[in-house]
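Enquirer: Under my numbering, the first residue of the sequence shown is numbered 1229, with each subsequent residue one higher. Backbone N, C-alpha and C define an ideal beta-carbon position, used for all residues, glycine too. One structure follows; several queries about it will come next.
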Amino acid sequence: MLVEHLIEPEFLTQVVSSRRNFNDFLREFSRQSPRVVGKLQKFSKFRKKTLQVQGEAVNEDQQTMLIELLQFIEETCLVDRNSGIDGNLSFLENCINAHQQSPSHIFCLNEPAGQAVGGIGFIYSADLNNGINPLPNQKLVQKSLDEMVQATSDFLRLSSRITFVDPYFSHRAAMLNPMVKFIEFCGANSPVESKEITILLKDRTDVPSIQFLMDAITTHNDFNSTGIASLTVTSLKERDNGEALHNRYIISELGALFWGIGLDERHSEVNDDVVMLNEEIFSKRFEQYCELKAFDVSDSANVTF
């Protein structure tokens, strides 16, 4: 449910040519939208290049908007892609190379590419006049293993710090098998290195120990062949008069997916509503689950690879 864009600096200078384009971009690359931006080089270099391209001939309002836009991208929707830039190649050629290393989705260019690239869509500066079309931020997902993995694969492979929240996670096959597959796809065709994965569940008497669950997961995954750096499994206790631990999420630095029913596999005729959270709810859930400000740790196991 993420769509990665590789964006040319010149394209961003056109985004800030009008307040409407600027607001369109902020809306369509917000937490609630699946649109994200791939980082082809150190962001400090990208920022410097973009500001140089804009130059000093524009008005102060456009300069301010571009600075705000770059800050927004860095803080909200930046994929830590590790592809790199070859200074001897055009931006389009660098995008094609990056796409061949690890698939992307859309190239945002100032001028038409003049060539087709398999599996890639294009947005050009001239298209901004018609606005950026919104993408759906929710999906009806059949509760089969294949459908669940397909719905989340891009979210998993483009994120670098991923937290699975399932209070009722256990070693049952219906729960373990999807989790094993989710973790497998975190590293599959991913442009992101050194991923950190955390699984959070509720402290309960009817499940095996945390170490048992950790062993069950690592037995099924060859972590040495992926870009995964660590895996943590943690059980949490609710605080008196505090937040209830009952909803299911997949949360990363790029956004959060809410699962209406859960992360377990069920009969193929059962469907789940998977929704990307807006900024306000994302911030709250990130604070509660990723920063653990709402619950107490009961037990935890960690493995580094």
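Do residue 1389 and residue 1480 have their C-beta atoms closer together than 8 Å?
Expert: Contact flag set, yes.
Enquirer: Rounded C-beta distance between residue 1422 and residue 1470? I'm assuming under 8 Å.
Expert: At roughly 33 Å, the Cβ-Cβ gap does not stay under 8 Å, so residue 1422 and residue 1470 are not in contact.
Enquirer: Answer yes if the segment 1414-1429 comes into contact with the segment 1500-1510, meaning at least three C-beta pairs across the two stretches below 8 Å, and no otherwise.
Expert: Output reads no: the segment 1414-1429 does not touch the segment 1500-1510.
Enquirer: Going by Cα to Cα distance, which pick from 1259, 1231, 1269 and 1295 is closest to residue 1250?
Expert: The shortest C-alpha separation from residue 1250 is found at 1295.
Enquirer: In this structure, does DSSP put residue 1275 in helix, strand or coil?
Expert: Helix.
Enquirer: Whole angstroms is fine: what's the gap from residue 1342's alpha carbon to residue 1352's?
Expert: C-alpha separation (whole angstroms): 12 Å.
Enquirer: In chain order, which continuous runs of the alpha helix (DSSP H) of length 4 or greater are located wholly inside the segment 1287-1337?
Expert: Runs of the alpha helix (DSSP H) inside the segment 1287-1337: 1288-1304 and 1319-1329.
Enquirer: Along the chain, where does the beta strand (DSSP E) that runs through residue 1495 open and close?
Expert: No beta strand (DSSP E) holds residue 1495; DSSP gives it neither H nor E.
Enquirer: Please state the DSSP three-state secondary structure of residue 1525.
Expert: Of the three classes helix, strand and coil, the one that applies to residue 1525 here is strand, per DSSP.
Enquirer: To the nearest angstrom, how far is the alpha carbon of residue 1334 from that of residue 1267?
Expert: Cα to Cα, residue 1334 sits roughly 13 Å from residue 1267.
Enquirer: Report the option in 1242, 1312, 1299 and 1310 whose CA atom is closest to the CA atom of residue 1290.
Expert: Comparing Cα positions, the closest option is 1242.
Enquirer: Please look up how many angstroms separate the CB atoms of residue 1462 and residue 1428, rounded, as I've assumed it's under 8 Å.
Expert: Indeed they touch by this definition, with Cβ atoms about 5 Å apart.
Enquirer: Alpha carbon to alpha carbon, how far is residue 1530 from residue 1459?
Expert: In a straight line, the C-alpha of residue 1530 is about 6 Å away from that of residue 1459.
Enquirer: Within this structure, are the beta carbons of residue 1394 and residue 1526 separated by less than 8 Å?
Expert: Not a contact, by the Cβ cut-off of 8 Å.
Enquirer: Taking all protein chains shown into account, decide if residue 1282 is buried (16 or more other Cβ within 10 angstroms of its Cβ) or exposed.
Expert: By the neighbour-count rule (16 or more Cβ atoms within 10 Å), residue 1282 is buried.
Enquirer: Return the Cβ separation of residue 1426 and residue 1391 in integer angstroms, given the expectation that the two are a contact with Cβ distance under 8 Å.
Expert: Correct: roughly 5 Å between the Cβ atoms.
Enquirer: Pick from 1468, 1515, 1257 and 1248: whose alpha carbon is nearest that of residue 1356?
Expert: Of 1468, 1515, 1257 and 1248, the residue nearest in Cα terms is 1248.
Enquirer: Would you mind listing the beta strand (DSSP E) stretches within the segment 1357-1441 that are 3+ residues and don't spill past its ends, in chain order?
Expert: List check, beta strand (DSSP E) in window: 1366-1370, 1389-1393 and 1423-1430.
Enquirer: Considering only their Cβ atoms, is the gap separating residue 1262 from residue 1358 smaller than 8 Å?
Expert: No, the Cβ-Cβ distance between residue 1358 and residue 1262 is not below 8 Å.
Enquirer: Considering Cα atoms alone, identify which of 1447, 1383, 1382 and 1439 is closest to residue 1405.
Expert: With distances taken between Cα atoms, residue 1405 lies closest to 1447.
Enquirer: Take residue 1310 and list the residues in its own chain whose beta-carbon comes closer than 8 Å to its own, dropping the five residues that flank it on each side.
Expert: Correct list, in chain order: 1419, 1420 and 1421.
Enquirer: What residue ranges within the segment 1467-1514 form continuous beta strand (DSSP E) runs of no fewer than 3 residues, ordered along the chain?
Expert: Listed in chain order, the complete beta strand (DSSP E) runs (minimum 3 residues) inside the segment 1467-1514 are 1476-1480, 1483-1487 and 1499-1504.
Enquirer: With a threshold of 16 other CB atoms inside 10 Å of the CB of residue 1449, please say whether the residue is buried or exposed.
Expert: By the neighbour-count rule (16 or more Cβ atoms within 10 Å), residue 1449 is buried.
Enquirer: What does the alpha-carbon distance come out to for the pair residue 1328 and residue 1498?
Expert: Whole-angstrom Cα-Cα distance: 36 Å.
Enquirer: Who are the Cβ neighbours of residue 1253 in its own chain at under 7 Å, not counting the five residues just before and after it?
Expert: Same-chain partners within the cutoff: 1243, 1297 and 1360.
Enquirer: For the alpha helix (DSSP H) that residue 1247 lies in, which residues bound it at each end?
Expert: Run containing residue 1247: 1247-1256, per the alpha helix (DSSP H) assignment.
Enquirer: Quick one: residues in its chain with C-beta nearer than 6 Å to the C-beta of residue 1293, no 5 flanking neighbours on either side, listed in chain order?
Expert: Here the set comprises 1244 and 1250.
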